[in-house]
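First the structure, in the form of structure tokens, and then the observations on it.
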Amino acid sequence: MVEPFDWEREFGRSAPRLLDVGSGNGGFVLEAAALRPDRDHLGIELDAHHAAPGLAKAKALGVQNVRFIVGDAVEWLYERLAPASLDELHLYHPQPYDDPEVSRRGLLTPELFERIWVVLRPDARIYLQSDHRACARYLFEVSERGFEREILSGPWTEAPIVRTRREAIALRKGLEVTRIQGVRRAVPLELPPVPPYFGGAARRRPTRSARAKAKA
Ligand SMILES: C[S@@+](CC[C@H](N)C(=O)[O-])C[C@H]1O[C@@H](n2cnc3c(N)ncnc32)[C@H](O)[C@@H]1O
């Protein structure tokens, strides 16, 4: 049995807690930590190469209220983050995998959103964002059960206005960025089950791995 992440021991205090899932280069979580010293921040990124700049910058700047984990956020959400232990969850630009096999292991599943509901405290907030239309629609749909949410009509109101590296890239390319914010419902709605995200695989050319599997 793995020990749950001990926020109080790690940060040496009891403060509101923010998690950034798939934090990439850590730009958002680092800036959020600097702007809100009264909160503790955790970024979890699967890819060590992506995470390296955030780790280095946090160390260089000596920001006390942020930690980065190189690891699988899905495992962390199930195994290391205790129920009712988080005040905010941010998920920006999750990869919209087209291959159902990969998609099932990813961040875009109804089960993960149920778990997110469990690890968040009453009245906690979620922030979701994507520049991929089908993925944004999915985020909105899959979050309905546990969260009262809305699509923002413009940019985030508070700084940092452009939150992440992927958001900056999307805006440079002229892609539409969908921003969703929500508050945890006290009781999840009874709704028909939503399938995991398949990225419109049926409409698109299958990925290389899906083609290889089909041939085997
Ligand atoms: C498109 S990038 C977006 C990064 C950042 N959130 C941003 O908006 O710039 C998606 C990130 O999610 C990470 N990721 C994918 N699955 C993950 C998982 N299970 N746990 C943690 N990170 C994951 C990827 O490695 C990648 O860095």
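Take any residue in the sequence shown, note its place counting from 1, add 69, and you have its number in our numbering. Think of the CB as a built atom: it goes at the ideal place given N, C-alpha and C, for glycine as much as any other residue.
Minimum C-alpha distance to residue i - residue among the options
{"i": "Ile195", "options": "Gln133, Gln250, Thr178", "result": "Gln250"}
{"i": "Arg105", "options": "Pro85, Ala237, His118", "result": "Pro85"}
{"i": "Leu160", "options": "Leu87, Ala237, Arg136", "result": "Leu87"}
{"i": "Leu115", "options": "Glu245, Leu124, Arg136, Ala142", "result": "Ala142"}
{"i": "Pro262", "options": "His201, Gln198, Leu181", "result": "Leu181"}
{"i": "Pro179", "options": "Ala120, Gly215, Tyr166", "result": "Gly215"}
{"i": "Leu258", "options": "Lys128, Pro224, Glu217", "result": "Glu217"}
{"i": "Ala120", "options": "Gly95, Val256, Arg136, Asn134", "result": "Gly95"}
{"i": "Gln133", "options": "Arg206, Phe80, Phe97", "result": "Phe80"}
{"i": "Pro224", "options": "Val246, Cys204, Ile238", "result": "Val246"}
{"i": "Ile230", "options": "Phe97, Ile220, Ile185", "result": "Phe97"}
{"i": "Gly93", "options": "Lys242, Val256, Arg234, Phe267", "result": "Arg234"}
{"i": "Arg190", "options": "Val256, Arg232, Phe209", "result": "Val256"}
{"i": "Glu100", "options": "Arg136, Arg82, Leu221, Arg78", "result": "Arg136"}
{"i": "Arg248", "options": "Phe267, Ala205, Glu77", "result": "Ala205"}
{"i": "Phe267", "options": "Leu177, Glu157, Glu77", "result": "Leu177"}
{"i": "Ile138", "options": "Asp107, Gly131, Gly91, Leu260", "result": "Gly91"}
{"i": "Glu157", "options": "Ala129, Gly175, Leu130, Trp186", "result": "Trp186"}
{"i": "Pro73", "options": "Pro265, Ala193, Val188", "result": "Val188"}
{"i": "Leu146", "options": "Lys128, Val71, Ala203", "result": "Val71"}
{"i": "Leu260", "options": "Ser212, Leu208, Ala203", "result": "Ser212"}
{"i": "Pro264", "options": "Arg253, Leu208, Leu244, Ala237", "result": "Leu208"}
{"i": "Ala193", "options": "Gly175, Arg253, Leu130", "result": "Arg253"}
Assigned secondary structure, residue i (DSSP; H/G/I helix, E/B strand, else coil)
{"i": "Leu104", "result": "helix"}
{"i": "Gly123", "result": "helix"}
{"i": "Phe216", "result": "strand"}
{"i": "Val252", "result": "strand"}
{"i": "Arg274", "result": "Note that Arg274 scores a pLDDT of 44, beneath 50, so its modelled location is shaky; the value from the coordinates is reported in the next line. In this structure, Arg274 counts as coil in the three-state DSSP scheme."}
{"i": "Gly269", "result": "Below a pLDDT of 50, predicted positions are generally treated as unreliable, and Gly269, at 49, falls in that range; the measurement from the model is reported next regardless. In this structure, Gly269 counts as coil in the three-state DSSP scheme."}
Heavy atom of ligand 3 within 7 Å of residue i beta-carbon
{"i": "Leu115", "result": "Among the ligands present in this structure, namely ligand 1, ligand 3 is not found."}
request  = For the stretch 75-120, list the alpha helix (DSSP H) runs that are entirely contained and at least 4 residues long, ordered along the chain.
outcome  = 76-80, 96-104
ask   = Would the stretch 191-210 and the stretch 150-164 be scored as touching if the rule is three or more Cβ pairs under 8 Å?
value = yes
query = Unbroken alpha helix (DSSP H) runs of length 4 or more, entirely within the stretch 123-200: which are they?
reply = 169-174, 179-188
request  = Kindly confirm or deny that the stretch 143-156 and the stretch 124-131 touch, where touching means at least three C-beta pairs closer than 8 Å.
outcome  = no
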